[in-house]
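As structure tokens, the structure follows; a few thoughts come after it.
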């Protein structure tokens, strides 16, 4: 009403004054006094109007009416208070966000992360979540087994177990399973020299052959060597007539029956080559999958001296403090070959990036091409979580999970790309970081240096015996460790970082430490080796749940 009243008054005054001037004054002799008075009145009214209008736009409840002013004043003050308080809160939150640390502060090659409260389930999975399953791969469909003698089987099969120790282990398990499918005699597999490992290890240099054969005597016939009646043994390695080469990856059991068995019956001895991942999971009988677990978890045992040395290393890890302490095993995959093969982009100097580009072009020319597409490929792979975690990233994730600076960590790794500078953030945040070379004397390890796979076997066993196992990238080593720890009991914690989510968090410039910790903890609650139902085309070696474990 106040605003409306002033507007009306102003309108009347504005229209009446000019008319009055026209009527009362002579057109020849203007009345200056009247004009000056009118101008002063007009300006005075306009000034009072705008001053009152601007005040009322801010405080509309103040007016000329004295009867409503006190009530309106209180309401207006209340709204002003709310506006000021909201403004202060907004300013405070903006300042806090600007000043909040972006994850961890970097000082040279050292990372400083805020402390995180240690959680009660830091070193083991909750008991209630781990009691529903038990291992049962030793159970057979029938305890009364009537295997035909060696000379009455359908023939002999022979394989080369290629790759590193763990790829060879998987090939051996698959070879036993195929021998069972074909009712054939298995010749003890040969561990083939790998281009990267360059190792001439024999089966008997790593595994206990007697235990292997005796444990499986009710499943398949296994012989140590090619039978004497087959005189030209070199033919098995070179002759096309003695080799089955058309086996597809993850082939079903029926493929072997239809395509391999007739040739074995005809030739009596056949080599299967290549044999990497040449047997499927969900397209074979459940008893065959259970047999593969039986081989992996019970029949394949390392030599006693390897087992003993691994026990010594694990014991030293647990006694590095004054009292018995748990320890973490970290499988750090950041060797030059792994970094190059990943075709991911990593933090480094311009010189390092140029050298890595040259290395990739030399080793993988078909994938490298002219290099123009690699940057987009690297970004895509990082978003999808297909890049190895850097040591510094691993350090930040472990600290966010709640692991303190005093954590004892056993590192299973090759030579880390970038050397000590690359390892510095991880080592500075977790100084109790050791390898087998630091735990054992040179003399203790000398007997194992003859075979690279013997050293890999030590890492495998120390990781298997750890309280917490952490993987940083895929591969046969990590999935076999996680699968074995699940088979031994899901209480053992095996952490598999969500690299896709971590990549998103690391790349967010507004991600503060508190929300990052919350994301890490919530995301990895179910990524610690707990029971997981299997699904079609699942990986038996990482999750042996359904075929190899039974309801408790």
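Numbering (the UniProt record's numbering), first residue to last: 1 to 552.
Ideal placement from N, C-alpha and C gives every residue a C-beta, glycine not left out.
The three-state reading of DSSP puts residue 547 in helix, counting H, G and I together. Shortest Cα-Cα distance from residue 425 to any of 104, 475, 134 and 341 involves 104. Burial is judged here by how many other beta carbons sit within 10 angstroms of a residue's own beta carbon; residue 308 has fewer than 16 and is exposed. Boundaries cannot be given for residue 273, as no beta strand (DSSP E) includes it and DSSP labels it neither H nor E. Assignment of residue 286 by DSSP, reduced to helix, strand and coil, places it in the helix class. In this structure, DSSP gives residue 153 a state outside helix and strand, which the three-state scheme calls coil. Taking a contact as a CB-CB distance under 8 Å, the pair residue 166 and residue 476 counts as one, their CB atoms being some 4 Å apart. The beta carbons of residue 281 and residue 501 sit no closer together than 9 Å. Under the three-state reduction of DSSP, residue 411 is assigned to strand. Out of 247, 171 and 148, the CA that lies nearest to the CA of residue 293 is found in 171. Excluding sequence positions up to five before and after residue 230, its CB lies within less than 7 Å of the CB of 269, all in the same chain and listed in chain order. The continuous alpha helix (DSSP H) containing residue 516 extends over residues 513 to 523. Residue pairing for residue 133: DSSP places it in a beta bridge opposite 551. If the five residues before and after residue 333 are omitted, its C-beta is found closer than 6 Å to the C-beta atoms of 388, 472 and 473, all from its own chain and listed in chain order. A buried status is given to residue 327, since no fewer than 16 other beta-carbon atoms sit within 10 Å of its beta-carbon. With respect to residue 122, residue 429 sits apart: the two C-beta atoms are not nearer than 9 Å. Rounded to the nearest angstrom, the gap between the Cα atoms of residue 511 and residue 85 is 26 Å. When DSSP reads this structure, residue 331 sits in a beta bridge with 412 and 471. Cβ-Cβ distances below 8 Å link residue 264 to 154, 155, 156, 157, 182, 184 and 270 in the same chain, with the five nearest sequence neighbours on each side left out; the list follows chain order. Contact check for residue 445 and residue 411: beta-carbon distance about 15 Å, past the 8 Å limit, so the pair fails to qualify. For the 9 Å CB-CB criterion, residue 406 and residue 321 form a contact. The Cβ-Cβ distance between residue 211 and residue 189 does not fall below 9 Å. Around the beta carbon of residue 217, fewer than 16 other beta carbons lie within 10 angstroms, which makes this residue exposed.
Contact check for residue 529 against residue 469 passes: the beta carbons are separated by less than 9 Å.
Rounded to the nearest whole angstrom, the CA to CA distance from residue 523 to residue 283 is 32 Å.
Taken through DSSP and simplified to helix, strand or coil, residue 247 comes out as coil. Residue burial is scored here from C-beta neighbours: residue 238 has fewer than 16 other C-beta atoms within 10 angstroms and is therefore classed as exposed. Put simply, the backbone Cα of residue 241 is about 13 Å away from that of residue 262. Look at residue 526 here: in three-state DSSP terms it is helix.
Residue ranges of uninterrupted beta strand (DSSP E) with 3 or more members, entirely inside the region 358 to 425 and ordered along the chain, are 409 to 412. Counting the other Cβ atoms within 10 Å of the Cβ of residue 173 gives 16 or more, which makes it buried. Within the same chain, 343, 344 and 345 come within 7 Å of residue 378 by CB-CB distance, once the 5 residues on both sides are set aside.
In this structure residue 314 is in contact with residue 465, their Cβ atoms being roughly 4 Å apart against a cut-off of 8 Å. The shortest C-alpha to C-alpha distance from residue 221 to any of 148, 208, 408 and 506 is the one to 148.
Judged by DSSP secondary structure, residue 495 falls within the beta strand (DSSP E) whose first and last residues are 493 to 495. Residue state for residue 238 is assigned as helix, using DSSP reduced to three classes.
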